[in-house]
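Converting from the sequence shown to the working numbering requires adding 27 to each position, the first position being numbered 1.
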Amino acid sequence: MPLGAGRFGEADDAGWELKATRVSIIAIPGLSHLHRLCGDSRLRLSVRLEESTALSHCGVLSSLATRGQPKRLSPHRYHQTLTQPTYNSTSTLATAAAGVPTLAIVGRPNVGKSTLFNRIVGSRRAIVGDESGITRDRLYGDAEWGGRRLRLVDTGGILPEEKDLIPSEIYRQARVALDEAAAIIMVVDGRTELAGPDLELVRLLRKANRPLFVAVNKVDSEKQSSLINDFHRLGVKQMFPISAEHGRGIDDLLDAVIAVLPPAKPEEGSAGIVPDVEKKPRPRSRKHLEQPEPSTTSLDVEGPTTEDQRPTTDFETKVAIIGHPNVGKSTLLNCLTSSDRAIVSPIPGTTRDAVDEIIEHNGRRFRFIDTAGIRRKGKTHLMAEKLSVVMARKHLEGADIALLVIDATEGVSQLDAAIAGYAHESGRSIIIVVNKWDLVISGKKTDARPTKAERMRESKRPGDRDAYEQRLRYELKFLNYAPIVFISAQSGKGTEKIFPLLEEVATERRKRVTTSQMNRFIERVDFERASVPMRQRVKILYMTQASVAPPTFVLFTNRAVKLHFSYQRFLENQIREAFGFVGTPIWIKNRARDS
28 MPLGAGRFGE ADDAGWELKA TRVSIIAIPG LSHLHRLCGD SRLRLSVRLE ESTALSHCGV
88 LSSLATRGQP KRLSPHRYHQ TLTQPTYNST STLATAAAGV PTLAIVGRPN VGKSTLFNRI
148 VGSRRAIVGD ESGITRDRLY GDAEWGGRRL RLVDTGGILP EEKDLIPSEI YRQARVALDE
208 AAAIIMVVDG RTELAGPDLE LVRLLRKANR PLFVAVNKVD SEKQSSLIND FHRLGVKQMF
268 PISAEHGRGI DDLLDAVIAV LPPAKPEEGS AGIVPDVEKK PRPRSRKHLE QPEPSTTSLD
328 VEGPTTEDQR PTTDFETKVA IIGHPNVGKS TLLNCLTSSD RAIVSPIPGT TRDAVDEIIE
388 HNGRRFRFID TAGIRRKGKT HLMAEKLSVV MARKHLEGAD IALLVIDATE GVSQLDAAIA
448 GYAHESGRSI IIVVNKWDLV ISGKKTDARP TKAERMRESK RPGDRDAYEQ RLRYELKFLN
508 YAPIVFISAQ SGKGTEKIFP LLEEVATERR KRVTTSQMNR FIERVDFERA SVPMRQRVKI
568 LYMTQASVAP PTFVLFTNRA VKLHFSYQRF LENQIREAFG FVGTPIWIKN RARDS
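Structural data, given as structure tokens:
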């Protein structure tokens, strides 16, 4: 949904949960909320809704008001909202042009930066755990406070003196965030003594010449307020005791940040207000919400066009880059976006949080989402690895197209087939990307004696492209509709073919075929060729396309029998032969005439 747009929703819609944040696009007028676990404030909070999968219930979040210190707050400040894990919704250039200030959150490892980021943004955008160094890449999120829109940047733990690859790359990513920031929040751990890395980091932050604020985290109660005394040695005037986990003291911190930011532009100041929209009758129940629109899903009315096309300015295609660890997903993201957006290293499992970037190509907007490498359950031991796999699956389910990256030097493994199955079953369109193809055609071999596993891989990956594709099709039979592209993400060779495929697959995913075309198609198909047991044979009365993304077809048959898998596969192949649908799965459902 574009910025500033709004629609009305129901408070009891399934799957929606209450959370504290200022990001709000779906409003329910006249509804108030008060919960004993939502803090000490006695205000009646206005309730806004936004789609959510982030937290399990309202009690997980406490009020942003300081506990034990009740005070009168302006009613416009806090809202209960429903949110989903957010993406980098707007690019840096777009937000800078709109006058939206960027707020960078920095600090050494394991001080609570990601917890503070999630608290302000209002969703579990960043993975949080007790392990040190979980966050590595820059993470972006949008928020609003006191009528001002803010753009938050979460960074990895900074250790300036570390010379190892990953810590130095984290520091480089943090420097990019500091260059973009209008203000900086340095987070320190209030329960530990002031350390040398903190003093070194403050020295570096002063050179950035930005307003600097120190957030002393993990001060959970008024009795612990004395913990901040030791941190006055940092020499920073703006210092605030907070508890990112419980929401204590964050209101004072954000008030101080807003006070030093440049004045808002007129269009920015009104961005947080939901504009007047055309009022429509509100649905009385969930049952009414599930009723299809006559113009799109009616079984009797024929659609006016063969494709359901939206304006390219309003529709954004989400592209998830998936695969097992160390196949080149982050390198591919950097290549497609022509940037160093993601940290790249030969160490498997470098990426943990999903990293996304927006690219416009030929008037279409694509959001590329680099996900963490998906491993087997038995291979994930640390909690951060388990959470990264879970978040990768969730970002895959929220995408439109999946780029399945396969290492050409290893061939198709069982794990690759399992990951492809995740995308196929969730209805994502798929493009198979065979990476590191330059290593296969160059014939480079190591001097060491190959192991048995390496010899088995060598037998599974022929050097000829046609033979390799034939072998790949054999291993991934259920993805016979997915196009294949051979690339080298490191050198960029072959990557120019990806954008045309993305445009074609995105169009095919939203293609709509009219009911009259489907009925003429049914008349031409010879169903006697389908090998189906007699007891499971049905007579198709007529057929219609019920929805798009993915294309879903409904068969109306003479009796209520589950379609045999071979019959369904035969019908799917006939539909593809007649109408295309390249790169996207087809869902077929049947209904009995009597029902």
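For glycine and all other residues, C-beta sits at the position ideal for the given N, C-alpha and C.
The alpha helix (DSSP H) enclosing residue i, as first and last residue numbers
{"i": "Q265", "result": "Segment: none, Q265 is in no alpha helix (DSSP H) and carries neither H nor E."}
{"i": "E604", "result": "F592 to F606"}
{"i": "S518", "result": "From DSSP, S518 is part of no alpha helix (DSSP H); its letter is neither H nor E."}
{"i": "F554", "result": "No alpha helix (DSSP H) contains F554, which DSSP labels as neither H nor E."}
{"i": "N10", "result": "There is no way to answer for residue 10, as the model of the chain reaches only from 28 to 622."}
{"i": "V460", "result": "Counting along the chain, V460 falls outside any alpha helix (DSSP H), though it belongs to the beta strand (DSSP E) covering S456 to N462."}
{"i": "A286", "result": "I277 to V287"}
Backbone secondary structure at residue i - three-state DSSP
{"i": "F580", "result": "strand"}
{"i": "D247", "result": "coil"}
{"i": "H388", "result": "strand"}
{"i": "G168", "result": "strand"}
{"i": "D491", "result": "coil"}
{"i": "A444", "result": "helix"}
{"i": "A589", "result": "Contrary to the premise, residue 589 reads as Lys rather than Ala in this sequence. K589: coil per DSSP, three-state reduction."}
{"i": "Y508", "result": "coil"}
{"i": "N617", "result": "strand"}
{"i": "D380", "result": "coil"}
{"i": "Y498", "result": "In the sequence as displayed, the identity of residue 498 is Arg instead of Tyr. It is helical."}
{"i": "T534", "result": "helix"}
{"i": "D434", "result": "strand"}
{"i": "L360", "result": "helix"}
{"i": "L529", "result": "helix"}
{"i": "V354", "result": "coil"}
{"i": "R237", "result": "coil"}
{"i": "L130", "result": "strand"}
{"i": "A450", "result": "helix"}
{"i": "P612", "result": "coil"}
{"i": "R394", "result": "strand"}
For residue j and residue i, the rounded distance between their alpha carbons
{"i": "V559", "j": "L590", "result": "9 Å"}
{"i": "I514", "j": "W464", "result": "6 Å"}
{"i": "G405", "j": "A242", "result": "39 Å"}
{"i": "K520", "j": "M266", "result": "51 Å"}
{"i": "V540", "j": "E384", "result": "33 Å"}
{"i": "I613", "j": "T534", "result": "14 Å"}
{"i": "Q497", "j": "S159", "result": "45 Å"}
{"i": "S59", "j": "M213", "result": "In this prediction, S59 scores a pLDDT of 37, lower than 50, which makes its location untrustworthy; no coordinate-derived value is stated."}
{"i": "R178", "j": "I549", "result": "53 Å"}
{"i": "A576", "j": "T542", "result": "17 Å"}
{"i": "S453", "j": "E530", "result": "20 Å"}
{"i": "D282", "j": "W172", "result": "8 Å"}
{"i": "G149", "j": "A170", "result": "8 Å"}
{"i": "E196", "j": "S366", "result": "14 Å"}
{"i": "V512", "j": "A450", "result": "18 Å"}
{"i": "K524", "j": "P510", "result": "11 Å"}
{"i": "I396", "j": "E555", "result": "45 Å"}
{"i": "I446", "j": "I349", "result": "8 Å"}
{"i": "A47", "j": "F144", "result": "Residue confidence is low: A47 scores 37 on pLDDT, short of 50, so the model does not pin down where it sits. No coordinate-derived value is stated."}
{"i": "V263", "j": "D225", "result": "12 Å"}
{"i": "F258", "j": "F240", "result": "12 Å"}
{"i": "V371", "j": "R237", "result": "29 Å"}
{"i": "V133", "j": "A605", "result": "55 Å"}
N-terminal and C-terminal residue of the beta strand (DSSP E) that residue i is part of
{"i": "V346", "result": "E343 to I349"}
{"i": "A291", "result": "Unbroken run through A291: none, as it is neither H nor E."}
{"i": "T571", "result": "I567 to S574"}
Can you check the stretch 181-235 for any alpha helix (DSSP H) of at least 4 residues that lies completely inside it and give the ranges in chain order? Within the stretch 181-235, the complete alpha helix (DSSP H) runs of at least 4 residues are 192-207 and 223-234.
Under 8 Å, with one C-beta from each stretch per pair, do the stretch 157-164 and the stretch 375-386 reach the 3-pair mark? Contact holds: three or more Cβ-Cβ distances are below 8 Å.
Answer yes if the stretch 390-408 comes into contact with the stretch 348-355, meaning at least three C-beta pairs across the two stretches below 8 Å, and no otherwise. The stretch 348-355 makes contact with the stretch 390-408, as at least three CB pairs between them are under 8 Å.
4-residue-minimum alpha helix (DSSP H) runs that sit fully inside the stretch 398-431, ordered along the chain: Those alpha helix (DSSP H) runs which fall completely within the stretch 398-431 and span 4+ residues are 410-424.
Per the contact definition of three or more C-beta pairs closer than 8 Å, is the stretch 407-415 in contact with the stretch 382-395? In short, these stretches do not touch, since the Cβ pair count stays below three.
My parser needs the alpha helix (DSSP H) runs of 4 or more residues fully inside the stretch 133-178; what are they? Within the stretch 133-178, the complete alpha helix (DSSP H) runs of at least 4 residues are 140-148.
Count Cβ pairs between the stretch 144-158 and the stretch 229-240 that sit closer than 8 Å; are there 3 or more? With the cut-off at 8 Å, the stretch 144-158 and the stretch 229-240 do not touch.
Any 3 or more C-beta pairs closer than 8 Å across the stretch 241-259 and the stretch 272-286: Taking a cut-off of 8 Å for Cβ pairs, the stretch 241-259 and the stretch 272-286 touch, as three or more such pairs fall below it.
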